[in-house]
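Under the UniProt record's numbering, the first residue of the sequence shown carries the number 1, and numbering increases by one thereafter. Virtual Cβ for every residue (Gly too), placed ideally from N, Cα, C. Following: one structure in C-alpha cells, then a few remarks.
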Amino acid sequence: MRKHPQFSAVTETEAHVFFWKPLSAFDQWSPCRFEVDGQWYNCAEQYMMSEKAQLFGDMHTRAKILTELDPAVQKRLASAKGTLRNFDESTWERESLRIVTAGNRAKFEQNAELKAVLLATAGKLLVEASPMDAIWGIGLGVQEALERDPATWPGKNLLGQALMLVREQLLRGAP
C-alpha cells in the first residue's frame with residue numbers, strides 16, 4: 001500500500017485506488033477549471049450541482065451555484081436544505097450518474113496532468129473511501145475497507161463508477 005506522492009488523500013494498493021477529500025485528483029471538490037458548452041466550472045461539484053438545479057428547472061439556484069466558489073456552499077444550495085426547487089428523488093437517482101460522468105469527463109479531458117493521473121489507475125478499482133457517504137462512496141474509510149471484502153462494503157461507490165467510466169472512455173478514445 002502506498003500514498004500517492006502528489007495527492008495526499010489517495011491510497012493505492014495492487015487492486016484499488018482509495019480517495020477521499022479534496023487532496024485528490026478524483027474528488028468532486030478539488031479545484032479544477034474546465035468548460036462545458038461555454039460555461040466555466042471551478043470543480044466537478046459545481047458542475048454536478050448546477051446540472052442538478054437545471055435538471056429540475058431551477059435556474060435561480062443554478063445561477064447562484066455558478067457564481068459560488070465554495071463547493072460546500074454549491075452542494076448546500078442544491079440540497080433539500082438549500083434553495084433547490086422541484087427536486088424529485090427518482091429523477092435524480094436516474095440521472096445523477098450520467099451528470100457526474102459527464103462533468104468528470106470534461107474535467108479530465110481538459111486537464112492533461114489530471115488525465116494522466118486517472119489513466120495511470122487503469123486496471124484498478126477507483127474507490128471513494130468516505131465513511132459518511134454510502135451513495136457516492138463506499139460508506140467506509142480506507143482502513144476499514146482494507147479489512148473487508150469489497151463485496152461487503154455498504155456503499156454504492158457511484159463516484160468511483162463514474163470515474164472508471166471516464167477512464168475507460170479516455171483509454172478507448174471514445175467521443
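Next item on the list: Please name the residue in Met132, Pro131, Asn104 whose C-alpha comes closest to that of glutamine 161.
Entry: The option with the nearest alpha carbon to glutamine 161 is Asn104.
Check: Going by beta carbon distance, what residues of the same chain come within less than 7 Å of alanine 15, once the five residues before and after it are set aside?
Finding: These residues qualify, in order along the chain: Lys124, Leu125.
Checklist line | Helix, strand or coil at leucine 125 according to DSSP, with G and I counted as helix | finding: Three-state DSSP puts leucine 125 in a strand.
Checklist line | Residues of its chain near phenylalanine 56, where Cβ-Cβ distance is below 6 Å and the 5 sequence neighbours each way are ignored | finding: Answer for phenylalanine 56: Asn86, Phe87, listed in chain order.
Margin query: For leucine 114, count the other beta carbons within 10 Å of its own beta carbon; 16 or more makes it buried, fewer makes it exposed. Which is it?
Written below: The residue in question, leucine 114, is buried, as its Cβ has 16 or more Cβ neighbours within 10 Å.
Check: For glutamine 51, does the count of other Cβ atoms within 10 angstroms reach 16, so buried, or fall short, so exposed?
Finding: Residue 51 is actually glutamate in this sequence, not glutamine. Around the beta carbon of glutamate 51, 16 or more other beta carbons sit within 10 angstroms, so the residue counts as buried.
Check: Should leucine 119 go down as buried or exposed, given a rule of 16 or more other Cβ atoms within 10 Å for buried?
Finding: With a 10 Å radius around the Cβ and a threshold of 16 neighbouring Cβ atoms, leucine 119 comes out exposed.
Check: Does DSSP put glutamate 109 in a helix, a strand or coil?
Finding: Note: glutamate 109 maps to helix in three-state DSSP.
Margin query: Can you tell me whether tryptophan 20 is buried or exposed? The criterion is at least 16 other CB atoms within 10 Å of its CB, across all chains shown.
Written below: By the neighbour-count rule (16 or more Cβ atoms within 10 Å), tryptophan 20 is buried.
Margin query: Which residue marks the beginning of the beta strand (DSSP E) containing threonine 11, and which one marks its end?
Written below: Residues 10-12.
Next item on the list: Taking 9 Å as the cut-off, decide whether the C-beta atoms of tryptophan 153 and leucine 165 are in contact.
Entry: No; because the gap between Cβ atoms is not below 9 Å, this pair is not in contact.
Note to self: Just checking alanine 116 against the ligand MN - is the residue's beta carbon closer than 8 Å to any of the ligand's heavy atoms?
What the structure shows: For the ligand MN, the structure offers nothing, since it holds no ligand at all.
Notebook entry, point to check: In whole angstroms, what is the alpha-carbon distance linking glutamate 95 and leucine 146?
Noted result: Taking the straight line from one Cα to the other gives about 31 Å.
Check: Between which two residues does the alpha helix (DSSP H) harbouring glutamine 28 extend?
Finding: Run containing glutamine 28: none; DSSP gives neither H nor E here.
Margin query: For a quick check, are the C-beta atoms of threonine 11 and valine 117 less than 9 Å apart?
Written below: In this structure, threonine 11 lies away from valine 117, with their beta-carbon atoms at least 9 Å apart.
Notebook entry, point to check: How many whole angstroms separate the CB atoms of phenylalanine 18 and alanine 151, which I take to be in contact at a CB cut-off of 8 Å?
Noted result: A Cβ-Cβ distance of about 16 Å is found for the pair phenylalanine 18 and alanine 151, leaving them out of contact under the 8 Å criterion.
Note to self: Please classify serine 24 as buried or exposed, where buried requires at least 16 neighbouring CB atoms within 10 angstroms.
What the structure shows: Around the beta carbon of serine 24, 16 or more other beta carbons sit within 10 angstroms, so the residue counts as buried.
Checklist line | Three-way DSSP call (helix, strand, coil) for tryptophan 40 in this model | finding: Of the three classes helix, strand and coil, the one that applies to tryptophan 40 here is strand, per DSSP.
Checklist line | Buried or exposed by the 16-neighbour rule on C-beta atoms within 10 Å, applied to glycine 137 | finding: Buried, by the Cβ-count rule.
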